[in-house]
Amino acid sequence: MSLGERIARADERGLAASGLACLDRCLPLLDGDGELLRPLWGSLADGSDWGGPLAKARDALLGLGEEEEAGDGGGAHAEAVRLVTHMLDTAPAERTAEAVRPWAESCSAVSLRVHRLLDPAAEGAPDTAGTEELPPLVAAELRRQITVLELLEGHGRQGLRRALDVSGEGRRVLRAVVSRRARGSAERSEA
103 MSLGERIARA DERGLAASGL ACLDRCLPLL DGDGELLRPL WGSLADGSDW GGPLAKARDA
163 LLGLGEEEEA GDGGGAHAEA VRLVTHMLDT APAERTAEAV RPWAESCSAV SLRVHRLLDP
223 AAEGAPDTAG TEELPPLVAA ELRRQITVLE LLEGHGRQGL RRALDVSGEG RRVLRAVVSR
283 RARGSAERSE A
């Protein structure tokens, strides 16, 4: 089953977790700590309202995104930061299937785009949906998105813990990529 088909079949919790997981994995671009999204994950687990935790995350992270954008001056990194900031800014305060479905679909596309922008192997690679032709970072993100949706579909609330682990793994990978790119930029500017 394709990613699009899985999103189309997902319930409200699966959709919210899918979008949140995409945002979680992209946090290194906002220089954000994964703990800032923990209350949102908690609201998915206990079914509580996520409007309050979402507002707190926005307050903390949107400022970081603006600093990252201002400090970069342009290029793929700045575009990726803008995309992630938009992902956070457009998260719906109301967590209903109707509200989160378009957001989850957008988060999926944005996260794949961010990973393509930052993947060194993506230069000149075709923009296709088949994992065999995708650059490694993009293919891994696609697999993570599918895994999160599978976990929520197959295990419901119990799948949230594993989905959070999958997102944490992706966040560590992207943090390493962002760090390598920053070191490379610093070395080029010193030369």
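For the sequence shown, the residue numbers in the working numbering are 103 to 293. Cβ coordinates follow ideal geometry from the N, Cα and C atoms, glycine included. Being a predicted model, the structure only gives us computed values, none of them experimental.
8 Å or more divides the Cβ of alanine 123 from the Cβ of valine 279. Assigned with DSSP and collapsed to three states, threonine 198 falls in coil, not helix or strand. Glycine 134 counts as buried, since no fewer than 16 other beta carbons sit within 10 angstroms of its beta carbon.
DSSP places alanine 180 inside the alpha helix (DSSP H), whose first and last residues are 177–191. Contact between arginine 283 and histidine 217 fails: their C-beta atoms lie close to 13 Å from each other, not under 8 Å. With respect to the 8 Å criterion, glutamate 252 and alanine 112 are not classified as neighbours on the basis of their beta carbons.
Residue state for aspartate 148 is assigned as helix, using DSSP reduced to three classes. When only Cα atoms are considered, arginine 127 and glutamate 289 end up about 26 Å apart.
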